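Report on the structure given below.
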Amino acid sequence: MLHPIVIPTIGVLLYFILVPNRFDSNQKLTVLGFIFVTTYIIPLIILILFKRLKLIKSFKAESIKERKIPIAMMIVLFYLLGNTLDYTPNLSDLGLLFYATSFGLAIIYVLFIFKFKTSIHLLSLGISVGFFLILHTKYSKSFTIVIIISLLLSGLLASARIHLKAHTQKEVYIGFFLGFIAPIIVNYFL
1 MLHPIVIPTI
11 GVLLYFILVP
21 NRFDSNQKLT
31 VLGFIFVTTY
41 IIPLIILILF
51 KRLKLIKSFK
61 AESIKERKIP
71 IAMMIVLFYL
81 LGNTLDYTPN
91 LSDLGLLFYA
101 TSFGLAIIYV
111 LFIFKFKTSI
121 HLLSLGISVG
131 FFLILHTKYS
141 KSFTIVIIIS
151 LLLSGLLASA
161 RIHLKAHTQK
171 EVYIGFFLGF
181 IAPIIVNYFL
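Position 121 (the sequence shown) corresponds to 121 in the UniProt record's numbering; numbering is contiguous.
Structure follows, in structure tokens:
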């Protein structure tokens with residue numbers, strides 16, 4: 001449920017539920033479906049293809065070497081999605097979300113140069129917290145519950161990732177921090 005591949009769809013669903021907007025149910029479902037296909041189905045197909053081509057050993061893509069190509073593709077995919085949404089009337093908030101995700105993944109990719117692996121799980125939840133914090137100030141509407149629940153889930157997920165020895169404490173903290181600041185930085189420059 002808290003896999004980074006589903007967090008974008010959950011974030012967009014929460015956005016449509018909590019943020020005042022002009023979309024009817026069919027429009028919301030269309031956008032949500034587009035987001036789901038772009039951020040879940042396409043990456044899943046890419047991972048299956050990479051596994052068949054033996055570019056990755058498992059879907060976990062545990063090593064830095066295995067993560068490079070999928071993350072590079074996700075950077076481009078999320079940037080294009082952000083660009084599409086940013087130029088779609090009344091969807092610029094969602095453009096920010098996906099630009100921030102692309103930016104956060106780009107930072108993670110740069111860290112690969114230094115042989116440093118960062119938690120993408122925590123990056124995704126950090127982005128959610130930062131995104132809803134921006135919406136909190138932009139709309140003068142309280143998203144405190146979403147932010148608190150995201151923080152609690154981040155703590156649980158970080159503990160699980162450490163317990164499973166998938167990441168060190170440093171990797172989960174940096175993942176969350178990069179995720180948290182990514183939407184703030186992108187929002188500043190947009």
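All C-beta atoms, glycine included, are put in the ideal place defined by N, C-alpha and C. All values reported here derive from a predicted model rather than from experimental measurement.
Check your understanding: Relative to the C-alpha of Lys28, which residue among Thr39, Val12, Thr38 and Val37 is closest?
Key -> Relative to the Cα of Lys28, the nearest Cα in the group Thr39, Val12, Thr38 and Val37 belongs to Val12.
Review point. Anyone know if the C-beta pair for Asn187 and Ile134 falls short of 8 angstroms?
Key: Yes, the Cβ-Cβ distance between Asn187 and Ile134 is below 8 angstroms.
Check your understanding: Going by other Cβ atoms of all chains shown within 10 Å of its Cβ, with 16 needed for buried, is Tyr139 buried or exposed?
Key -> The residue is exposed, with fewer than 16 neighbouring Cβ atoms inside 10 Å.
Exercise for review: Could you say which of Pro43, Phe34, Leu94 and Arg52 lies nearest to Val76 if we only look at CA atoms?
Suggested key: Nearest of Pro43, Phe34, Leu94 and Arg52 to Val76, Cα basis: Pro43.
Practice item. Leaving out five residues on either side along the sequence, give the residues of the same chain with a beta carbon under 7 angstroms from the beta carbon of Asn21. Key: These residues qualify, in order along the chain: Asn90.
Review point. Near Glu62, what residues of its chain come up, given a Cβ to Cβ distance below 8 angstroms and the 5 sequence neighbours on each side ignored?
Key: Counting only Cβ-Cβ distances below 8 angstroms, and skipping sequence neighbours, we find Ala166.
**Study point:** Simplified DSSP state of Ala106, which is helix, strand or coil
**Key:** Ala106: helix per DSSP, three-state reduction.
**Study point:** Counted within 10 angstroms of its Cβ, other Cβ atoms place Gly82 as buried (16 or more) or exposed
**Key:** It counts as buried.
Practice item. Compare the Cα-Cα distances from Lys117 to each of Val129, Arg161, Phe132 and Ser150 and report the closest residue. Key: When each option's Cα is compared against that of Lys117, the closest is Arg161.
Check your understanding: So which of Leu153, Ser119 and Thr137 has the shortest CA-CA distance to Tyr173?
Key -> It is Ser119 whose Cα lies nearest to the Cα of Tyr173.
Check your understanding: Out of Thr168, Leu122, Ile7 and Val110, which has the shortest C-alpha to C-alpha gap to Lys65?
Key -> Residue Val110 holds the alpha-carbon nearest to the alpha-carbon of Lys65 among Thr168, Leu122, Ile7 and Val110.
Practice item. Using a threshold of 8 angstroms, state whether the C-beta atoms of Leu49 and Phe59 are closer than that. Key: Cβ atoms of Leu49 and Phe59: not closer than 8 angstroms.
Review point. DSSP state of Lys68, grouped into three classes?
Key: The DSSP-derived three-state label of Lys68 is helix.
Exercise for review: Can you tell me which of Arg52, Ile181 and Phe78 puts its alpha carbon nearest to the alpha carbon of Leu122?
Suggested key: For Leu122, the nearest C-alpha among the options comes from Ile181.
Point to revise | DSSP three-state assignment for Ile5, whether helix, strand or coil | key: In the structure shown, Ile5 sits in coil (DSSP, three-state: anything other than H, G, I, E or B).
Point to revise | Option nearest Ile35 by Cα separation, candidates Thr9, Gly179 and Ile185 | key: Among Thr9, Gly179 and Ile185, the Cα nearest to that of Ile35 is on Thr9.
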